[in-house]
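Undergrad: All letters in the sequence shown, in the order written, are residues 1258 to 1597 by the working numbering. Each residue gets a CB set at the ideal place from its N, CA and C atoms; glycine is no exception. Let me give you the structure first, and then I'll get to my questions.
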Amino acid sequence: MSTPIPRTRRTLLAAAGALLGLSMLTACGGAATGNEGAVKSDGSVDLSKVTLIVGDQKGGSKALLQAAGQLDDLPYEVQWQEFTSGPPLLEALNAGSIHIGGVGNTPPLFAAAAKGTFQAVQAATYGGTGDAIVVPKDSPIKSVADLKGKTVGVAEGSSANYNLLAQLDKAGLKYSDVSVQNLQPADALAAFSSGHLDAWAIWEPFTSQAEKEAGARVLTTGKGLVNGYVFQIASQAALDDPATTAALKDYVGRIAKAQVWSSTHKEEWAKVWSEETGLSEDITLAATKKRDVSLVPITQEVIDSEQGMADAFSENGLLPGKIDVSPFFSDAFNDDTTGK
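Here you go:
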């Protein structure tokens, strides 16, 4: 293997600092959403005058909603902005560029540490099976303990990042016992395929892609270890605007219905997922078969689970001090996100 570029926990702290800078810019820039004119004189909202700006990841919310038929009768306009993973999506949300976006269980923690202005308003869980650590199929690495001193690729601040941290802790290792390379999925796949990584911590559909295209072997998954939560995160500016909030309630309700649909229509979902991502259908079908979604209301149990994650990051020096995550979760949309 070639010598990796040195990485330390400072990378994660720097990411939190970057988010802080963006949250400060947001605070200075006002809270306008562009939808203020949609509120009528009687206080009701004309949704036809609302534009919802949604952050997405490739093959994410847009593809899911489209596959489930939930984009067919939208009463408002949606503008989509695509991001490589959750952390840059929340950077954009804190900067006021988007109103809402879907992320995994870890990005909100780093955004909270950066004093972002947002709330998680809808949740579901995939059980953690999709978060995996993979190694080359002929690798001598047989257990997580064997990762000591090895080079592991991961998108820092992502759900895969916490899975890596939790797996190392379970194996009796510290985060500093491995050399972490901060790589977004496309770059990580290239590095893994060319032999520059000993292991890769990733999520679906990239786990299945690594197995089928790069000869990867799954070392372990997050099943039974991580909460597998995915969240819809709304900016506080959007939540403070009545017109945007009205659209948000409808939007997250559609997300919930689409998530339920995806568990019972795996082949249809895999087909659209393939079309949207450019991945082969056998990859997306393999990914869908590993994931059964369950809707989760925002409750104290969810908050406590996320708090435990934040504490683990802080204890390992990956977040700056103790973070209270409770202000960043709202149960106000629970009745709108039952999936019915």
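#1: By DSSP's criteria, Leu1309 is part of a beta bridge. Which residues make up the other side?
#2: To the nearest angstrom, how far is it from the Cα of Tyr1333 to the Cα of Lys1306?
#3: Can you tell which of Ile1355, Ala1380, Glu1348 has the C-alpha that lies nearest to the C-alpha of Ala1368?
#4: State whether the stretch 1360-1378 contacts the stretch 1450-1459, with contact taken as three or more CB pairs (one from each stretch) at a distance under 8 Å.
#5: For the stretch 1488-1545, which segments carrying the alpha helix (DSSP H) assignment without a break, of at least 4 residues, lie completely within its bounds, in sequence order?
#6: Please go through the same chain and pick out, in chain order, the residues whose beta-carbon is closer than 7 Å to the beta-carbon of Lys1528, but skip the five residues on each side of it.
#7: Which term fits Pro1393, buried or exposed, when burial requires 16 or more other beta carbons within 10 angstroms of its beta carbon?
#8: Measure the C-alpha to C-alpha separation of Tyr1419 and Ser1301 and round it to an integer number of angstroms.
#9: From what residue to what residue does the alpha helix (DSSP H) around Ala1467 run?
#10: Determine which residues share a DSSP beta bridge with Gln1314 and list them.
#11: Any idea which residues DSSP pairs Ser1551 with across the strands?
#12: Write down the C-beta distance between Lys1514 and Phe1590 rounded to the nearest angstrom, noting that I regard them as a contact closer than 8 Å.
#13: Can you give the Cα-Cα distance for Val1487 and Gln1327, rounded to whole angstroms?
#14: Excluding the five sequence neighbours on either side, which residues of its own chain have a C-beta within less than 8 Å of the C-beta of Ile1355, listed in chain order?
#15: Which value, in whole angstroms, describes the spacing of the CA atoms of Ala1473 and Val1391?
#16: Output the distance between the C-alpha atoms of Leu1552 and Gln1489, rounded to the nearest integer angstrom.
#17: Anyone know if the C-beta pair for Thr1290 and Gln1336 falls short of 9 Å?
#18: If you drop the 5 nearest sequence neighbours on each side, which residues of the same chain put their C-beta closer than 6 Å to that of Gln1557?
#19: To the nearest angstrom, how far is the alpha carbon of Ser1318 from that of Gly1358?
#20: Please report the Cβ distance between Ala1428 and Val1401, rounded to the nearest whole angstrom; I am assuming they are in contact, meaning their Cβ atoms lie under 8 Å.
#21: Please say whether Val1409 and Ser1436 have beta carbons closer to each other than 9 Å?
#22: Span of the alpha helix (DSSP H) holding Ala1428?
#23: Using the C-alpha atoms, what's the distance from Ala1504 back to Glu1293?
TA: According to the structure data:
#1: Val1335
#2: C-alpha separation (whole angstroms): 7 Å.
#3: For the residues Ile1355, Ala1380, Glu1348, the minimum Cα distance to Ala1368 belongs to Glu1348.
#4: Contact check between the stretch 1360-1378 and the stretch 1450-1459: fewer than three CB pairs, one atom from each, fall below 8 Å, which does not count as touching.
#5: 1493-1497, 1499-1521, 1523-1534
#6: Glu1538
#7: buried
#8: 43 Å
#9: 1463-1470
#10: Phe1340
#11: Thr1382
#12: With 8 Å as the limit, Lys1514 and Phe1590 do not qualify as a contact, their Cβ atoms being about 13 Å apart.
#13: 19 Å
#14: Ile1310, Val1311, Gly1312, Gln1338, Leu1346, Ala1349, Ser1492
#15: Approximately 6 Å, taken between the alpha carbons.
#16: 12 Å
#17: no
#18: none
#19: 8 Å
#20: 4 Å
#21: yes
#22: From DSSP, Ala1428 is part of no alpha helix (DSSP H); its letter is neither H nor E.
#23: 12 Å
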